[in-house]
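Taken in order, these protein sequences are the chains called A and B. The working numbering numbers the first residue of the first sequence as 317 and each following residue consecutively. The working numbering numbers the first residue of the second sequence as 2 and each following residue consecutively. Glycine residues also receive a C-beta, built at the ideal position from the N, C-alpha and C atoms. These notes are about the structure you will find just below.
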Amino acid sequence: MAERRVKAASSYPLNMFTRTLAQSPRAGMFGMPFKLMAATLVAAGLLFAGGQAHAGKKDDTLRMAYDQAPESVDPYYNNVRVGVIIAANVWDTLLYRDPLTNEYKGQLAKSWTQVDDKTLELELRQGVKFHNGETFDADSVVYTLNFVADPKNKAVTQQNVRWIDKVEKIDQYKVRIISKEPFPGAKEYLSTTVAIHPAKYYAEVGPQGMNAKPVGTGPYKVVDYQPGKAITMERNTEYFKDSPKRQPTIGKVVIRFIPDRQTQMAEVISGGEDFIMHVPKDQAEQLKGMPNLQVLSGNTMRIVFMQMNILDGTPAPQLKDERVRRAIAHAIDREAIIKNIVGEGAQILNTICTPSQVGCTQEGATVYKYDPALSKKLLAEAGFPNGFEIDLAAYRERNQTEAIINYLQAVGIKAKLNFLQYAAMRDMTRANKSSLTHQTWGSNLVNDVSASTPVYFAFGGDDITRDAKVRELLDKGDRTIDPQVRQSVYKEALGIIADKAYAVPLWSLPVYYVANKDVSFKAYPDELVRFWEMSWK
Amino acid sequence: MLAFMTKRLGLAILVALTVSILAFLLLHLSGDPALALAGEGARQADIEMIRKAYGLDRPIVVQYADWLWRIMQGDFGMSVYFKTPAGPLILAKLGTTLMLGVAALGVALAVSIPLGVLAALYKGSIIDRFCLAIAVLGQALPNFFFALLLIMFFSISLRILPVSGSGTWQHFVMPAIALGYYIAPAFMRLIRAGMIEVLSADYIRTARAKGLPARTVIFKHALRNAIVPVVALAAVQLGYLLGGSVVIETIFALDGLGYLAYQSITFKDYPVMQLIVLLLSVLYVLLTLASDIANAWLDPRIRVS
Numbered sequence: 317m318a319e320r321r322v323k324a325a326s327s328y329p330l331n332m333f334t335r336t337l338a339q340s341p342r343a344g345m346f347g348m349p350f351k352l353m354a355a356t357l358v359a360a361g362l363l364f365a366g367g368q369a370h371a372g373k374k375d376d377t378l379r380m381a382y383d384q385a386p387e388s389v390d391p392y393y394n395n396v397r398v399g400v401i402i403a404a405n406v407w408d409t410l411l412y413r414d415p416l417t418n419e420y421k422g423q424l425a426k427s428w429t430q431v432d433d434k435t436l437e438l439e440l441r442q443g444v445k446f447h448n449g450e451t452f453d454a455d456s457v458v459y460t461l462n463f464v465a466d467p468k469n470k471a472v473t474q475q476n477v478r479w480i481d482k483v484e485k486i487d488q489y490k491v492r493i494i495s496k497e498p499f500p501g502a503k504e505y506l507s508t509t510v511a512i513h514p515a516k517y518y519a520e521v522g523p524q525g526m527n528a529k530p531v532g533t534g535p536y537k538v539v540d541y542q543p544g545k546a547i548t549m550e551r552n553t554e555y556f557k558d559s560p561k562r563q564p565t566i567g568k569v570v571i572r573f574i575p576d577r578q579t580q581m582a583e584v585i586s587g588g589e590d591f592i593m594h595v596p597k598d599q600a601e602q603l604k605g606m607p608n609l610q611v612l613s614g615n616t617m618r619i620v621f622m623q624m625n626i627l628d629g630t631p632a633p634q635l636k637d638e639r640v641r642r643a644i645a646h647a648i649d650r651e652a653i654i655k656n657i658v659g660e661g662a663q664i665l666n667t668i669c670t671p672s673q674v675g676c677t678q679e680g681a682t683v684y685k686y687d688p689a690l691s692k693k694l695l696a697e698a699g700f701p702n703g704f705e706i707d708l709a710a711y712r713e714r715n716q717t718e719a720i721i722n723y724l725q726a727v728g729i730k731a732k733l734n735f736l737q738y739a740a741m742r743d744m745t746r747a748n749k750s751s752l753t754h755q756t757w758g759s760n761l762v763n764d765v766s767a768s769t770p771v772y773f774a775f776g777g778d779d780i781t782r783d784a785k786v787r788e789l790l791d792k793g794d795r796t797i798d799p800q801v802r803q804s805v806y807k808e809a810l811g812i813i814a815d816k817a818y819a820v821p822l823w824s825l826p827v828y829y830v831a832n833k834d835v836s837f838k839a840y841p842d843e844l845v846r847f848w849e850m851s852w853k
Numbered sequence: 002m003l004a005f006m007t008k009r010l011g012l013a014i015l016v017a018l019t020v021s022i023l024a025f026l027l028l029h030l031s032g033d034p035a036l037a038l039a040g041e042g043a044r045q046a047d048i049e050m051i052r053k054a055y056g057l058d059r060p061i062v063v064q065y066a067d068w069l070w071r072i073m074q075g076d077f078g079m080s081v082y083f084k085t086p087a088g089p090l091i092l093a094k095l096g097t098t099l100m101l102g103v104a105a106l107g108v109a110l111a112v113s114i115p116l117g118v119l120a121a122l123y124k125g126s127i128i129d130r131f132c133l134a135i136a137v138l139g140q141a142l143p144n145f146f147f148a149l150l151l152i153m154f155f156s157i158s159l160r161i162l163p164v165s166g167s168g169t170w171q172h173f174v175m176p177a178i179a180l181g182y183y184i185a186p187a188f189m190r191l192i193r194a195g196m197i198e199v200l201s202a203d204y205i206r207t208a209r210a211k212g213l214p215a216r217t218v219i220f221k222h223a224l225r226n227a228i229v230p231v232v233a234l235a236a237v238q239l240g241y242l243l244g245g246s247v248v249i250e251t252i253f254a255l256d257g258l259g260y261l262a263y264q265s266i267t268f269k270d271y272p273v274m275q276l277i278v279l280l281l282s283v284l285y286v287l288l289t290l291a292s293d294i295a296n297a298w299l300d301p302r303i304r305v306s
C-alpha cells in the first residue's frame, strides 16, 4: 500500500502545488474550532484511503459539495457564488468573455454593433433551443431583460441590470439594448451575468417557477432540484454547436449543499464527493498528500485593501495627515504576508482594482515598499513619535488582519481588532464610525474597473476619502465609451489614490480547489466552475 | 385536574408569546436585514428599495404586531431568502428533525438504561464510577467534536456509513448517536437514583425472598417502577433535541429544521427564523406541558401544589 501511495503522489504535476489558496466569503461558524481536527482527519484518511473506489468516474457523475445554498437558481434572484456557477452551466448569455484572453465573442448573439453611446444592436443566433423545446429569438431577450430590469420585479442582482433602460425587438433575430446613460460596462455584463430565459415559459411561471424548474439554453440542464439540499444537472446533448462554450462531456453533475467545511473534506477523502472549493490554505496543503486527491489553486478577482476614514468627524483624525497614511502603507510587509499566510498564488497590488479589469493599471502608481524605519520617521514627522492607538475593523481572513496588526504594532501603531459581519462593518463605514478597515472586493466578477474603484472612491456610501478630483475622473471613465480615453482617466484617478495613500492596496486572494484525481479541471480567476470543460482522466 | 391543566396551558401560551417577542427583538437588533438581503454588490439606493419592498422601514412594534396578526390568521409569511411560503418550507423539514430527535432519544435511552441499572446495582463501586464516567463524557464532549470523531471512525476508517446527507436511514445513525449521547447522562442519573431507591424498597426484598431470579427482580419489578420519571423527562428532552439539532444537522448536512435555522440565520431570513423560533418554543412548551400533566397523573402529590 505504501508503495502505491508514493507512486500516486509523484504522478501529480508539481506546478499544481506551487500556487495557492483562498478563503470563502463565509469561513463558516464552525470553521475555527476544527483546525485541530483537520490534521487528524487527514492523517486518518491517509491510512485508509488506499483501497478507494472512485464512484464518480464509474457512473459518469461528478459530485461537488458547496457550503452555501442559493436562495433561488434563477440567476437574477440570488447573489451567491454557487448561483453564478449554476447559471453559467445552465444558461447562456448574449456575449461570451474568453476567460484567458478576456476577448468578447458571440454566444446567443452572433454579432453586435455600438449604434450610439447608449445603444447596442445585437444580431441573434438562429436555431438555438431552450431545454424545454422553446425556440430562442428576440422575444426571449426582450422579455427577460425588460422583466429583470424593472425594479418592481425585485431582482436581487440590481447592479447587473439597473443600467438597462429598455430592450427593443427590431426583427425576429435582432434586438437593441438601450442603456440609461452611456455605459461602457454593458458588454461585460452581457457576457457574464445577464442570462437569457425562454420568454413564454418565464412569462408563465415567473422567477418562482424558474427556480422550481429551471430552463435555460446552456450546456447542462437541471433534472432535479431540491432547494437547500442538492441540484442535479445532466449533459445537454443538443447544446448548440457554435457556442464558444465547449460541448459538455461529463454526463451528470450533482451539487450538494454541505455547510460545514470539515464535513466537505471528510466527503472528498472518503470518496463521497469529487470536488470542493474555497478550502482554507493550511487544510488544502495537508490534503495534497492524499493519493486519491488533487489540489489546485488559482488567483481570483477578489482584491484586499485597507480603507482609511478621513472624512470630517472620523474617529481617527490622525489619518487625515498624508504622512500617517503613507507610514501605514510602508509598515506592512506584503511579500512576507503573502508567502506565509495568503498563499503564493496571490498577487501584490499597488492600485485599488483587480489587475485583469479593463481600465485597471498598476503603471505609474506610487509603490509603498516595506520600510518600517521610514514608516517610523513619517510618524515622528507627523507628530506621533510614539505611535497611536486605532481601531481596525475586519470581516474575513482574520489571520491576514492579525498579521497586519503585528506589522503596525512594530512601528508603534496599536491597532485594536474589531471583527464583524460584512453587513455590520458596512453599516459602520457608512455611519462614519470606522477608522481603518480591512476590506475585500470581488467586483461581482465584472471585469471592468467601473465595478471596483468607483465603489470606494466615487462618493458612494463606502467612499470615506471623498476626493472631488478622483470622483470627476472616475465618473468620466464610467460614462465614456472610447477605450483610450477611459484608460487614461482611470490611470490618473488610480494614480492620485495611490499618491495620496487614500487606501493601502494589499493583494489579490487565491482560491484552493480539492478534487478527485480522476477529474480533469482548470482554475480561472473568475472562480467559475465550468463543468462543460471538465472531463474524466 | 382541570384547573391545573388550564393554569398550565395559560402559562405555556404566555411563555411562547414572550419567547417570540424576545426573538423578534433580538433578530432586529443583530443587524439590518435589508443590507443582508441586498448582498455585497448593492448600492445605497438598492438597499433603500429592498427596505421599502419588504416593509422593513416601519417601526419594529408595528412589524411585530403585523407579523403576529398574520400568524393568527394562518399566514406564516414568505421566506425572503428562498422566496417561498415559510409555513410549507418549515413543515417540509420538520419530518427529518423529528426523526432525528426520536432516534437520538432512542440512543440516549439505549445508553443510559443499562448504565443506570448497572451503576445502581454496584452503587459506590468502581463499576458505578465507570458508568458515570461514560455517561458524563457524552455531556463533556462538545457534540460537534464528537460528530467529527464519529465521521473519522465510521466514514473514513471503516467506510460503512455515509458522511453527510439525509437520503437513507444510514444517514441518521451518526447524527442520532452524536445528539443522543449528549443527553444520556441526565437519564442515566435519574435511572440510577430511581433504581437505588426502588431496590431498597420492601417489595423488592419480598421478591428476592420469594426466590425470584435476580434478572426478574431487576428488570420486571425494579426497573418498571424506576423508569416512570424517565417518561416525563423524555418529553422535555425531546424538545431540547429538536432545538439542539442546529449544530448536528449543519455538520451532517441533514436537511432538517436545524439546518434551515442555520441557513436563515446566515442569510437573515427573518420570517423563517421567527417562525422556527416560534414553532420550537411552542413545541418545547407543549412537551413540557405534556410532561407536567403526565407527572401529575402519575404522581398525585404534584397536583396539590
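Check	Outcome
Neighbour list for proline 163 (chain B) in chain A, Cβ cutoff strictly below 8 Å	Gly588
Rounded straight-line distance, which links the Cα of aspartate 487 (chain A) to that of alanine 519 (chain A)	20 Å
Cβ neighbour criterion (16 or more within 10 Å) applied to threonine 169 (chain B)	exposed
Sheet register partners of alanine 710 (chain A) (DSSP bridge)	A:Phe735, A:His754
The alpha helix (DSSP H) enclosing aspartate 778 (chain A), as first and last residue numbers	Taken as a continuous stretch (DSSP letters only), aspartate 778 (chain A) belongs to no alpha helix (DSSP H), as it is neither H nor E.
Contacts around aspartate 375 (chain A), its chain only, beta-carbon distance under 7 Å, and the 5 residues preceding and following it disregarded	none
Buried versus exposed call for arginine 59 (chain B) [16 or more other C-beta atoms within 10 Å across all chains shown]	exposed
Bounding residues of the beta strand (DSSP E) (the contiguous stretch that carries methionine 79 (chain B))	From DSSP, methionine 79 (chain B) is part of no beta strand (DSSP E); its letter is neither H nor E.
Outcome for alanine 515 (chain A) when other beta-carbon atoms lying within 10 angstroms are tallied against a minimum of 16	buried
Glutamine 261 (chain A) at chain B interface by Cβ criterion, 8 Å	Only positions 317 to 853 of chain A appear in the structure, and residue 261 (chain A) is not among them; the question remains open.
CA-to-CA distance, tyrosine 840 (chain A) to leucine 609 (chain A), given in whole angstroms	19 Å
Boundaries (first-last residue) of the beta strand (DSSP E) holding asparagine 615 (chain A)	609-624
Those residues which DSSP pairs with asparagine 832 (chain A) across a bridge	A:Leu609
Extent of the continuous alpha helix (DSSP H) to which glycine 422 (chain A) belongs	Looking at the DSSP string, glycine 422 (chain A) is not in any alpha helix (DSSP H); the run it does join, the beta strand (DSSP E), is 420-422.
Option in A:Glu589, A:Pro535, A:Glu651 with minimal Cα separation from proline 564 (chain A)	A:Pro535
CB contact check: aspartate 576 (chain A) to chain B, cutoff 8 Å	yes
Inter-residue Cα distance where the pair is alanine 809 (chain A) and arginine 795 (chain A)	15 Å
CB-CB length for leucine 261 (chain B) against glycine 399 (chain A), believed under 8 Å	At roughly 18 Å, the Cβ-Cβ gap does not stay under 8 Å, so leucine 261 (chain B) and glycine 399 (chain A) are not in contact.
Residues of the stretch 377-394 of chain A whose Cβ lies closer than 7 Å to any Cβ of chain B, in chain order	Ala385, Glu387, Ser388, Tyr393
Residues within the stretch 176-196 of chain B neighbouring chain A, beta-carbon criterion of under 9 Å	none
Rounded distance between the beta-carbons of methionine 581 (chain A) and glutamine 599 (chain A), thought under 8 Å	7 Å
Residues of its chain near leucine 57 (chain B), where Cβ-Cβ distance is below 7 Å and the 5 sequence neighbours each way are ignored	Pro34, Ala35
Contacting residues, own chain, Cβ-Cβ under 6 Å from alanine 343 (chain A) (five flanking each side not counted)	Residue placement at alanine 343 (chain A) cannot be trusted, given a pLDDT of 36 that sits under 50; the coordinates are not used to answer.
Exposure of arginine 225 (chain B), with buried meaning 16 or more beta-carbon neighbours within 10 Å	exposed
Pairwise C-alpha distance: serine 766 (chain A) and valine 786 (chain A)	13 Å
Lysine 445 (chain A) - partner residues in DSSP beta bridges	A:Thr451
8 Å Cβ shell around isoleucine 197 (chain B) - same chain, five flanking residues per side excluded	Ala121, Lys124
Classification of threonine 1 (chain B) by the beta-carbon crowding that lies within 10 angstroms, buried from 16 upward	Residue coverage of chain B in this structure runs from 2 to 306, which leaves residue 1 (chain B) outside it and unanswerable.
Where the stretch 242-263 of chain B meets chain A: residues whose CB sits under 8 Å from a CB there	Val248, Thr251, Ile252, Phe253, Ala254, Asp256, Tyr260, Leu261, Tyr263
Residues that DSSP places opposite glutamine 602 (chain A) in a beta bridge	The partner list for glutamine 602 (chain A) (beta bridge, DSSP) is empty, contrary to what the question assumes.
contact_flag[the stretch 412-420 of chain A, the stretch 432-445 of chain A] where n(CB pairs < 8 Å) is 3 or more	no
Which listed residue (B:Val16, B:Asp293, B:Gly257, B:Gly139) has its alpha carbon closest to that of leucine 99 (chain B)	B:Gly257
Inter-residue CB distance, valine 569 (chain A) and methionine 380 (chain A) (contact presumed, cutoff 8 Å)	7 Å
Rounded C-alpha distance that separates serine 265 (chain B) from glutamine 542 (chain A)	17 Å
Chain A within 8 Å of leucine 88 (chain B), Cβ atoms only	Looking at the sequence shown, residue 88 (chain B) is not leucine but glycine. Output row for glycine 88 (chain B): interface = no.
Ordered list of alpha helix (DSSP H) runs contained in the stretch 222-306 of chain B, each at least 4 residues	229-252, 258-267, 271-299, 301-305
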